[in-house]
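Asks:
Protein chains in written order, with our numbering: chain A, 1 to 118; chain B, 119 to 229.
Written out as structure tokens, the structure is:
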């Protein structure tokens, strides 16, 4: 398996522009998570999906952030309009969930997208 | 609210020495996860601990879980430079698939 795939790996944009981050989870995983990591705030969970349905978006900072999962193999995180304080590394992770007999709730992380908003 | 605390947050040690990283959490959970992150890289799963008394070992790293004390330890034996990284523990938030992560312990192993 190729693991969790994210694109782009790096994104530099100007304040006010729309940014779209993409994620392909591991095939067969039912859960998909979006995280943000910064030096100041550490690793924060933004939102997660179960079977393509958003379950908890309480970590989404504000209305400028939105996430979708149109099918089991694809998710997007969109920021519109972007601001300099959104600069961070955004990780996507997937898991089989707590019910899996072997991996339980172990989450597998993608390589991340490093976002810089100027 | 589930809280996960790691200590120390920064650890500088010499090659060949032993040390332990501690992970405390605030509410009952039977599952604990350890991850490693190299600078500029993603998080890599190290250990999954699923029950009280669970112990797992991989090379120079050994992780254990005491659910009654709400404590996990990551013990490093005879450290080598390649172990330099940030180590995170994470705990299931009961009733959901969310993981709550500690702030991480940045380990630097000096020659």
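Backbone N, C-alpha and C fix where the C-beta goes; we use that ideal spot for every residue, glycine too.
Nothing here was measured: the structure is a model prediction, and the numbers come from that model.
Take the Cβ of residue 117 (chain A) as the centre, count every other Cβ of all protein chains shown within 10 Å, and call the residue buried at 16 or more, exposed below.
Replies: It counts as buried.
Asks: Any beta carbon from chain B within less than 8 Å of residue 32 (chain A)'s own beta carbon?
Replies: Cβ-Cβ to chain B under 8 Å: no for residue 32 (chain A).
Asks: Residue 37 (chain A) and residue 43 (chain A) - do their beta-carbons sit closer together than 8 Å?
Replies: Against a cut-off of 8 Å, the Cβ pair of residue 37 (chain A) and residue 43 (chain A) comes out as a contact.
Asks: Between the Cα of residue 202 (chain B) and the Cα atoms of B:159, B:141 and B:191, which residue gives the shortest distance?
Replies: Considering only alpha carbons, the answer is B:159.
Asks: Three or more beta-carbon pairs under 8 Å between the region 203-220 of chain B and the region 141-149 of chain B, yes or no?
Replies: Because the criterion of three Cβ pairs below 8 Å is met, the region 203-220 of chain B and the region 141-149 of chain B touch.
Asks: Can you tell me whether residue 120 (chain B) is helix, strand or coil according to DSSP?
Replies: It is coil, neither helix nor strand.
Asks: Where do the N-terminal and C-terminal ends of the beta strand (DSSP E) with residue 42 (chain A) fall, by residue?
Replies: 42-50 is the extent of the beta strand (DSSP E) around residue 42 (chain A).
Asks: Does the separation of the CB atoms of residue 87 (chain A) and residue 78 (chain A) fall below 8 Å?
Replies: Result no, Cβ atoms of residue 87 (chain A) and residue 78 (chain A) do not sit closer than 8 Å.
Asks: Just to confirm the assignment, what range does the beta strand (DSSP E) spanning residue 10 (chain A) have?
Replies: Start and end: 10-13.
Asks: Under the assumption that residue 215 (chain B) contacts residue 31 (chain A) (Cβ atoms under 8 Å), give the Cβ distance between them as a whole number of angstroms.
Replies: 5 Å between Cβ atoms; contact.
Asks: Taking only beta-carbon positions, decide if residue 48 (chain A) is within less than 8 Å of chain B.
Replies: With 8 Å as the cut-off, residue 48 (chain A) counts as an interface residue toward chain B.
Asks: Fully enclosed by the region 137-169 of chain B, which beta strand (DSSP E) runs are 3 residues long or longer?
Replies: Listed in chain order, they are 137-143, 150-155 and 161-167.
Asks: Rounded to the nearest angstrom, what separates residue 19 (chain A) and residue 12 (chain A) at their Cα positions?
Replies: Computed Cα separation, rounded: 9 Å.
Asks: Does the structure place the region 182-192 of chain B close enough to the region 145-155 of chain B that three or more beta carbon pairs sit under 8 Å?
Replies: Yes, since at least three Cβ pairs between the region 145-155 of chain B and the region 182-192 of chain B fall closer than 8 Å, the two stretches touch.
Asks: If you draw a straight line from the C-alpha of residue 3 (chain A) to the C-alpha of residue 196 (chain B), how long is it?
Replies: About 31 Å.
Asks: How about residue 95 (chain A) and residue 83 (chain A): do their beta carbons lie closer than 8 Å?
Replies: Going by C-beta atoms, residue 95 (chain A) is not nearer than 8 Å to residue 83 (chain A).
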